[in-house]
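S.K.: With positions in the sequence shown counted from 1, the corresponding number in my numbering is that position plus 507. Built from N, CA and C at the ideal position, the CB exists for glycine as well. Note that this is a predicted model, so its numbers are computed, not measured.
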Amino acid sequence: MAANNDYNASNIQILEGLEHVRKRPGMYIGSTGIDGLHHLCYEIVDNAIDEALAGYCDNIIVTIYDDNSFSVEDNGRGIPVDIQKDLKISALEVVFTKLNAGGKFDNSSYKVSGGLHGVGASVVNALSTRCEVSVYKNGKVYFQKYKRGVPEAPVAVVGDTEKRGTKVWWKPDAEIFTETSPHYDVLAHRLSELAFLNKGIKITIIDERVKPEPKKKELHYEGGIVSFVEFLSQGNKPLHKPIYMSTTQGDTILEIALVYSDSYSETVYSFVNNINTHEGGTHLVGFRSALTRTLNEFMKKLKLTKKAVEKLDGEDVREGLSAVISLKIPNPQFEGQTKTKLGNSDIKGIVEGIVNTELTKYFEEFPEDAKAIIQKSIIASEAKAAARRAREATRRKNALDSVGLPGKLADCSEKNPENCEIYIVEGDSAGGSAKQGRDRKYQAILPLWGKMLNVEKTRIDKVIGNDKLDPVIAAIGAGIGADFDIKKIRYGKVIIMADADVDGSHIRTLLLTFFYRYMKPLVLNGNVYIACPPLFKIEYPVTPQKKEVKYAYTDEEKDAILKGLECDPEKIRIQRYKGLGEMNPEQLWETTMNPETRNIIKIGLEDEYVANNLFSVLMGNDVESRRTFIETNAQYVNNLDV
Ligand code: TSJ
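And the structure:
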């Protein structure tokens, strides 16, 4: 009797816990939108990753099914199934029904060697209409299933098996989630991060919603974060072989891989316990400071100092740097707006010390590498000084009016940036039509002229002082590079408008590259758009006297419109627009600028790594990798060339 009462008592507690998860899901998974939906998958995958880090599994398969349900399977030891003394139920059931202590939304717990199990499994279970778990262990298949978190029956043996591992299947509850269709690209991006950060683990993602053959990607990197930096610096010529360091101090594991290339941009990603610390933090500060210090020391030691450059600063030594920093610590403190900034204050000194020691060792062994890096940093430093001079020169040059705006800019009257848009228009004739056609209250027009610069092949000194880019920088009004301040932007929407042909596509790509490299927050924040002018004008009679006009933005749309017309086909006039200049101001307003009828595409970065590669490979110096990239990624290239 007593045992039975205990079971009921603990069961009631469990039910209350699960109910709370369903009542306040945000507390456990952050949101009930698409991010929360993906979070369920990450929670489950993390458990399998822990098993891999403990050394017991090397294969993880993530599947998305037709009905938007998921499964994750590993080949580990299998979740323990023995009966827990205090709760008198299987450990497996505890994992899926009992909230872990605190039950707060945090993904910060790091299990140094596979300690705890089932972090978050009960939360996933509570937020799913159905969930099923199979454990392959001791030659048997153990099984349990749940409805909205509640077990249908005790854990039972349902068969024999030679396999070892754990498989969890769940269907997120549409009563909880506002979005129920997971994004393959977002999941694949996170899983590839995990595969890079945890070398040797094979992670497969399968999307069965794609027909006739499911979409499938195998992620497996024996090189770990060395493969990661090689991937990040793809498309640029490396100055040396990647440098790798790995140190364990007690529970702290630090791994760093870095490589310099001939690129002018910096690509550094930092992680703490496999979580991307987008906002940086003490580990990144420690790394940067050690890098600057060590390179300055070797500049002296190798007698590379110049009169004009006696000391390198942080910006100089990061030009062309690709690096991945992966730190594992027991109690990370996450701060910042998105809780992705490491706050642990002791970490700065620890990382700085390790990097100083390890880099010094490396450069002593390979002074040629140190020399190549330092020489590049010196040129970067000289370019920065030149840029400063150029900036002062432009200020004096009087290209800007009294308030510092470019002369060619037709500004809007509204002053609140949130309501303002700027159209950046290639070509003077299109610029003229746009000026006449716009709504001058909130739409500004900046016509571009002159030769467009490929910033991927240029240092900042040439960007400042460039005829074509200077007005863009001045009009947006928020600076560039390290000085860019998104709070100062003068327009909420920056819309690139160019012809729908090859030249227009080239201009779009060059401008996007410029925004990505020199005003990255503008792109990440979703302020950059591409205007889509129509390709066809279709004129047709509705009565013998009256004609009407429709516009088509693609070939397919044109065909669909033609199919739907009921008049005599002979009387239809189709005009193919070769450029924006062929449209009069009213047509331009109607088709491309009127918020009610226009077609504009917001530039987003579903996958930041892919975007980074896209720009350096498409616009960079390495012709060979550009060719292979275009062959293998034609789809992305199309996306960019909309
Ligand atoms: F919990 C879960 F559902 F989220 C989940 C756990 C999901 C998936 C896909 C895998 C796992 C999981 C758990 N894989 N492997 C494990 N391992 C253990 O829980 C385990 C096994 C044996 C021992 C032991 O000491 O013998 C210890 C642990 C933690």
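Flag this pair as touching only if the segment 811–831 and the segment 746–766 have three or more C-beta atom pairs under 8 Å; answer yes or no.
M.R.: Taking 8 Å as the limit for Cβ pairs, the verdict is that the segment 746–766 does touch the segment 811–831.
S.K.: Taking only three categories from DSSP, how would you classify Ile567?
M.R.: Of the three classes helix, strand and coil, the one that applies to Ile567 here is strand, per DSSP.
S.K.: Taking the runs of the alpha helix (DSSP H) that are 4 residues or longer, which of them lie wholly in the segment 772–832?
M.R.: The qualifying runs are 789–808, 821–824.
S.K.: With a 10 Å radius around its C-beta and 16 neighbouring C-beta atoms as the bar for buried, classify Met1100 as buried or exposed.
M.R.: Under this definition Met1100 is a buried residue.
S.K.: Please list the terminal residues of the continuous alpha helix (DSSP H) segment that includes Met752.
M.R.: From DSSP, Met752 is part of no alpha helix (DSSP H) but of the beta strand (DSSP E) over 750–756.
S.K.: What would DSSP say about Tyr649, mapped onto helix, strand or coil?
M.R.: Reduced to three states, the DSSP call for Tyr649 is strand.
S.K.: Suppose you measure from the CA of Glu526 to the CA of Thr539; what does that come to, to the nearest Å?
M.R.: Cα to Cα, the separation comes out at about 16 Å.
S.K.: Would DSSP call Met1004 helix, strand or coil?
M.R.: Correct three-state label for Met1004: strand.
S.K.: Could you check if Ala892 is buried or exposed, using at least 16 other CB atoms within 10 Å of its CB as the buried criterion?
M.R.: By the 10 Å Cβ count, Ala892 comes out exposed.
S.K.: Enumerate in chain order the residues of its own chain whose CB-to-CB distance from Thr845 is below 7 Å, with the five nearest sequence positions on each side excluded.
M.R.: His785, Glu786, listed in sequence order.
S.K.: Run through the DSSP bridge pairs and tell me what Arg637 is partnered with.
M.R.: Its beta-bridge partners are Lys654, Lys678.
S.K.: What's the C-alpha gap between Gln1094 and Lys1044?
M.R.: Each residue's alpha carbon lies about 10 Å from the other.
S.K.: Per DSSP, what kind of secondary structure is Lys592 in: helix, strand or coil?
M.R.: Lys592: coil per DSSP, three-state reduction.
S.K.: Identify the continuous alpha helix (DSSP H) that holds Ile967 and give its terminal residues.
M.R.: Its alpha helix (DSSP H) spans residues 967–970.
S.K.: Hey, is Pro587 close to the ligand TSJ, as in C-beta under 7 Å from one of its heavy atoms?
M.R.: Yes, Cβ of Pro587 sits closer than 7 Å to a heavy atom of the ligand TSJ.
S.K.: Less than 8 Å between the C-beta atoms of Lys709 and Thr789, yes or no?
M.R.: Not a contact, by the Cβ cut-off of 8 Å.
S.K.: Kindly say whether Leu1029, judged by its beta-carbon, lies nearer than 8 Å to any beta-carbon of chain C.
M.R.: Looking for chain C here will not work: only one protein chain is present.
S.K.: Buried or exposed: which applies to Arg895, given that a residue is buried once 16 or more other Cβ atoms fall within 10 Å of its Cβ?
M.R.: Exposed, because fewer than 16 other Cβ atoms sit within 10 Å of the Cβ of Arg895.
S.K.: Could you tell me how far apart the beta carbons of Glu580 and Lys644 are, in whole angstroms, since I believe they sit closer than 8 Å?
M.R.: Not quite, the Cβ-Cβ distance comes to about 13 Å (not below 8 Å), so this is no contact.
S.K.: When the Cα atoms are used, what is the spatial distance from Gly793 to Lys748?
M.R.: In a straight line, the C-alpha of Gly793 is about 23 Å away from that of Lys748.
S.K.: By Cβ distance, which residues of its chain are closer than 6 Å to Asp553, with the 5 residues on each side in sequence left out?
M.R.: Cβ within range, chain order: n/a, list empty.
S.K.: Helix, strand or coil for Arg1080 per DSSP?
M.R.: Three-state result, Arg1080: strand.
S.K.: Using a Cβ-Cβ cut-off of 6 Å (strictly less than) and excluding sequence neighbours within five positions of Gly610, which residues of its own chain qualify?
M.R.: With a pLDDT of 32 at Gly610, under the threshold of 50, the predicted position of this residue should be treated as unreliable, though the coordinate-derived value follows. Taken in chain order, the list of residues that qualify is empty.
S.K.: Using DSSP's beta-bridge definition, name the partner residues of Tyr643.
M.R.: Paired residue(s): Val648, Gly672.
S.K.: In whole angstroms, what separates the C-alpha of Leu522 from that of Phe1022?
M.R.: The straight-line gap from Cα to Cα measures roughly 51 Å.
S.K.: Can you tell me whether Leu479 is helix, strand or coil according to DSSP?
M.R.: There is simply no residue 479 to check, as the chain begins at 508 and stops at 1149 in what is shown.
S.K.: Where in the segment 1043–1067 do unbroken runs of the beta strand (DSSP E), each at least 3 residues long, occur, reported from the N-terminal end onward?
M.R.: Complete beta strand (DSSP E) runs here, min 3: 1043–1048, 1054–1059.
S.K.: Run the CB neighbour count on Gly543, radius 10 Å, all protein chains shown included, and call it buried at 16 or more, exposed below.
M.R.: Per the 10 Å Cβ criterion, buried.
S.K.: What does the alpha-carbon distance come out to for the pair Cys564 and Asn582?
M.R.: Going by the C-alpha atoms only, they are around 5 Å apart.
S.K.: Strictly by DSSP, which residues pair up with Ser597?
M.R.: Answer by DSSP bridge pairing, in chain order: Ile590.
S.K.: For Val662, which of helix, strand or coil comes out of DSSP?
M.R.: Val662 falls in the coil class under three-state DSSP.
S.K.: Alpha carbon to alpha carbon, how far is Val648 from Ser1123? Give it in angstroms, no decimals.
M.R.: Cα-Cα distance, rounded: 50 Å.
S.K.: Where does Pro658 land, buried or exposed, given buried means 16+ other C-beta within 10 angstroms?
M.R.: Answer is buried; the Cβ neighbour count reaches 16.
S.K.: In the structure shown, what three-state DSSP assignment does Phe735 receive?
M.R.: Phe735 falls in the helix class under three-state DSSP.
S.K.: May I ask you to list the residues that DSSP assigns as paired with Phe577?
M.R.: Paired residue(s): Ile571, Trp677.
S.K.: Is it a yes or a no for the segment 993–1006 touching the segment 1055–1075, going by three-plus beta-carbon pairs under 8 Å?
M.R.: Because the criterion of three Cβ pairs below 8 Å is not met, the segment 993–1006 and the segment 1055–1075 do not touch.
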